[in-house]
Amino acid sequence: MNRIWNSVVGKLWVTILLLVSFVLFVFTVLMLEFLQNYHMQQAESSLRQTAATVASIVDDHQTAQAASKLLQDILPASTNALIATSDNNVSFAMQEGVNKQEIQTMILNNPAFQKVFQSDKPIIREMMMPSSVDQDKMESYVVLGFPLNVENAVHGAVFIYQNPDALHKTSSETTKIVFLAAFIAFVLTTFFAFFLSSRITLPLRKMRELAFEIAKGNFEAKMPTTQNDEIGQLAVAFNQMGRQLKHNLEVINQENEQLSNILTSMTDAVITFNRDRTILLSNPPAERLMQQWFVNKGSQSAKPIPAELYHMLDHVLMFEDKLEEEIEMDGNYYMFTISPLYSGELIRGAVAVIRDMTEQHHLEKLRSDFIANVSHELRTPIAMLQGYSEALMDDFIQDQEERNEITKIIYDESQRMGRLVTDLLDLARMESGHMTLYKDELPINATFERITQKFAQVAKEKHIHLRFMSEFAEDAIINMDEDRIEQVLTNLVDNALRHTEEGSVSVKIEREATFAKISVQDTGHGIPQEDLPYVFERFYKADKARTRSKGGTGLGLAIAKNIVKAHAGNIMVDSILKEGTTFTFYLPFH
18 MNRIWNSVVG KLWVTILLLV SFVLFVFTVL MLEFLQNYHM QQAESSLRQT
68 AATVASIVDD HQTAQAASKL LQDILPASTN ALIATSDNNV SFAMQEGVNK
118 QEIQTMILNN PAFQKVFQSD KPIIREMMMP SSVDQDKMES YVVLGFPLNV
168 ENAVHGAVFI YQNPDALHKT SSETTKIVFL AAFIAFVLTT FFAFFLSSRI
218 TLPLRKMREL AFEIAKGNFE AKMPTTQNDE IGQLAVAFNQ MGRQLKHNLE
268 VINQENEQLS NILTSMTDAV ITFNRDRTIL LSNPPAERLM QQWFVNKGSQ
318 SAKPIPAELY HMLDHVLMFE DKLEEEIEMD GNYYMFTISP LYSGELIRGA
368 VAVIRDMTEQ HHLEKLRSDF IANVSHELRT PIAMLQGYSE ALMDDFIQDQ
418 EERNEITKII YDESQRMGRL VTDLLDLARM ESGHMTLYKD ELPINATFER
468 ITQKFAQVAK EKHIHLRFMS EFAEDAIINM DEDRIEQVLT NLVDNALRHT
518 EEGSVSVKIE REATFAKISV QDTGHGIPQE DLPYVFERFY KADKARTRSK
568 GGTGLGLAIA KNIVKAHAGN IMVDSILKEG TTFTFYLPFH
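Numbering (the working numbering), first residue to last: 18 to 607.
As structure tokens, this is what we get:
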């Protein structure tokens, strides 16, 4: 039932059915009332005609006994008649069924019919009298009293009453016919209402199915437009709506795709907030940034957004103003640009563009540190060059031996400045990614042993035991740039020898997974633990005075680190103060 009522066909069908049923019901009630009144009027008219005929016959024959034969012939079936005088003397009676005497008594004793003897007008009444069929049952009868014009000055009247069965039978048959007609009309109305509803709603049902198809994304579905009425025009409008909807969705998808590509390709983090501070949209850099914030906070907060950003967001939403501010959080620097988003005249949210300025701050610090370090490193040799050159120009030095010594100092300092400039250029080229490697298949043991043995004489002069060890077979091959790796190992061994006094320096090659592990270990002074994280930074020296005195520029380890990284390797340091230092770097071994 719910399914029928929830459909247009069912609603139209039930509505038409109820309307026609109501009309048929009213028509049937009125019709039955009309037929009942009609039958009653017909019965009264028939009784009047019969009574007039009986009265005429009795008047012609002067007495009822003389006319009794004729009266029995003219009285219709189921019609009862009495002829009585004003003194209730019955001169003629034609009655059927039981309870005849009781019926006579009730008619003659009825006050209404007593007046008929003194009147010249007939009197008709409906009376409840004993049934002519059942002994103990009362029925409604139509009784007509018609006055007689007889001589002897004795007034008389004809009383005619009709058995109600005939009237009821006629009414019952008529009622059956009416109900049969109503039922046929109801069935036909149901059929035509359902047929009409189906014909009207068939295009609507088809349109509903196509609407569901369009909702699923099938915009190729079309509604047939065979009709020229309102439904046909609705089908044309429906097809136009589908085409327009397809076009609009394609435009929206293109715009969304463009926006998605723009957001995805942006290096800045973009986060769109709703008015209730919930996140609506974020691009991949923003996702990574929020993950980083969440990891840094740990269990301290369940929200991925820092409190500083929420404060700025509240300010933008409250004052409807754009906000730009750079904030330092957990050692990182971020530039926040938050702008309100409008829906008409109301603010529906805000968009935040976050740029990580940490690298720029770091580069700026490196630049300032680089300038300061270069200035510091060049200040001493330049001052020495100026001082000694002025002494020579002023002929302040008279001794030739002293002059030669000053000349040698000027040469050494110029050489040191040249090495510094060369190292700076090499380091700048490496850090910019312009370093070119010339790799070749080389025997690992022979190559590293040759580089180590270059320092054999220096080690011998300083009474340092220099040794080389390898776990690889003699025919083991490694792919690397020989000149660059020689630069790395030379720097490490030279540093080890310069910082070791009468100890030992060991170069050891081991195999670890798919890498060749090269270790340079000494028993020198060592490096303080607080200095270990900074030893690979340029110009960083744990003992600047000693390094400068030994010709160091502070760039060797930074250059070594870049060379190893260019070979897809890694370099690290481990040291114990006054016990020794171990530099280890890894090279891919295939």
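Just so it is clear, CB atoms sit at the ideal spot from N, CA and C, and this is done for glycine as well. Computed from a predicted model, the values in this text were never measured in an experiment.
Please return the same chain residues whose Cβ sits closer than 7 Å to the Cβ of residue i, not counting the five positions on each side in sequence.
i              : result
glutamate 337  : Pro357, Ile364
alanine 72     : Phe163, Leu165, Val175
glutamate 226  : none
isoleucine 140 : Ala129, Phe130, Lys132, Val133, Gly162
leucine 298    : Thr289
Report the rounded CA-to-CA distance for residue i versus residue j, giving the unit in angstroms.
i              : j                 : result
threonine 207  : lysine 28         : 13 Å
asparagine 235 : valine 40         : 47 Å
leucine 87     : glutamate 50      : 37 Å
threonine 564  : asparagine 291    : With a pLDDT of only 46 at threonine 564, under 50, the local geometry of the prediction cannot be trusted, and no value is derived from it.
valine 160     : glycine 114       : 16 Å
asparagine 116 : serine 149        : 6 Å
glutamine 53   : methionine 240    : 57 Å
leucine 99     : glutamine 179     : 12 Å
histidine 328  : methionine 335    : 11 Å
threonine 599  : isoleucine 468    : 18 Å
leucine 213    : alanine 198       : 22 Å
valine 391     : leucine 380       : 16 Å
threonine 295  : threonine 289     : 9 Å
threonine 453  : glycine 573       : 18 Å
alanine 110    : isoleucine 74     : 15 Å
aspartate 511  : phenylalanine 472 : 8 Å
valine 552     : alanine 400       : 27 Å
valine 253     : arginine 222      : 15 Å
valine 204     : threonine 45      : 15 Å
alanine 324    : arginine 260      : 48 Å
lysine 578     : aspartate 411     : 46 Å
histidine 78   : lysine 154        : 38 Å
aspartate 104  : valine 195        : 47 Å
alanine 170    : alanine 69        : With a pLDDT of only 41 at alanine 170, under 50, the local geometry of the prediction cannot be trusted, and the value read off the model is given with reservation. Looking at the two C-alpha atoms, the distance is approximately 20 Å.
lysine 624     : glutamate 345     : This structure gives no information on residue 624, because the portion of the chain shown stretches from 18 to 607.
leucine 125    : aspartate 90      : 24 Å
alanine 585    : lysine 456        : 13 Å
Please list, in chain order, all residues of the same chain as residue i whose beta carbon is under 6 Å from its beta carbon, the five residues on each side excluded.
i              : result
isoleucine 461 : Phe489, Ala493, Ile495
glutamate 466  : Phe485
lysine 339     : Ser356
serine 523     : Arg484, Gln538
threonine 191  : Leu52
At which residues does the beta strand (DSSP E) containing residue i begin and terminate?
i              : result
proline 605    : 597-605
glutamine 152  : Where glutamine 152 is concerned, there is no enclosing beta strand (DSSP E), given that its DSSP letter is neither H nor E.
alanine 490    : That residue, alanine 490, is in no beta strand (DSSP E); it is neither H nor E in DSSP.
glutamine 112  : Glutamine 112 -> no beta strand (DSSP E), and no H or E assigned at all.
asparagine 512 : Looking at the DSSP string, asparagine 512 is not in any beta strand (DSSP E); the run it does join, the alpha helix (DSSP H), is 499-515.
alanine 533    : 532-539
valine 590     : 587-593
asparagine 291 : 286-291
isoleucine 177 : 173-179
Take residue i and list the residues in its own chain whose beta-carbon comes closer than 8 Å to its own, dropping the five residues that flank it on each side.
i           : result
leucine 459 : Ile494, Ile495, Asn496, Met497, Glu499
glycine 541 : Ala513, His516, Thr517, Glu518, Gly520, Gly597, Thr598
For the alpha helix (DSSP H) containing residue i, name the first residue and the last one.
i              : result
glutamine 135  : Looking at the DSSP string, glutamine 135 is not in any alpha helix (DSSP H), and its letter there is neither H nor E.
methionine 258 : 247-282
arginine 467   : 461-470
glutamate 119  : 117-125
leucine 574    : 573-583
lysine 525     : No alpha helix (DSSP H) contains lysine 525, which is instead part of the beta strand (DSSP E) from 521-529.
valine 475     : 473-478
Could you check how far apart the C-beta atoms of residue i and residue j are, in whole angstroms? I think they sit under 8 Å.
i              : j                 : result
isoleucine 593 : phenylalanine 602 : Actually they do not touch by this definition, with Cβ atoms about 19 Å apart.
isoleucine 388 : alanine 369       : Not quite, the Cβ-Cβ distance comes to about 35 Å (not below 8 Å), so this is no contact.
proline 147    : isoleucine 120    : 6 Å
glutamine 112  : asparagine 97     : 5 Å
(message) My parser needs the alpha helix (DSSP H) runs of 4 or more residues fully inside the stretch 311-352; what are they?
(response) As far as the stretch 311-352 is concerned, its whole alpha helix (DSSP H) runs of at least 4 residues are 324-336.
(message) Give the list of continuous alpha helix (DSSP H) stretches no shorter than 4 residues that lie fully inside the stretch 27-101.
(response) The DSSP assignment places complete alpha helix (DSSP H) segments of no fewer than 4 residues inside the stretch 27-101 at 81-91, in order along the chain.
(request) Could you pull out every unbroken beta strand (DSSP E) segment of at least 3 residues lying fully inside the stretch 358-427, listed in chain order? (result) Within the stretch 358-427, the complete beta strand (DSSP E) runs of at least 3 residues fall at 363-373.
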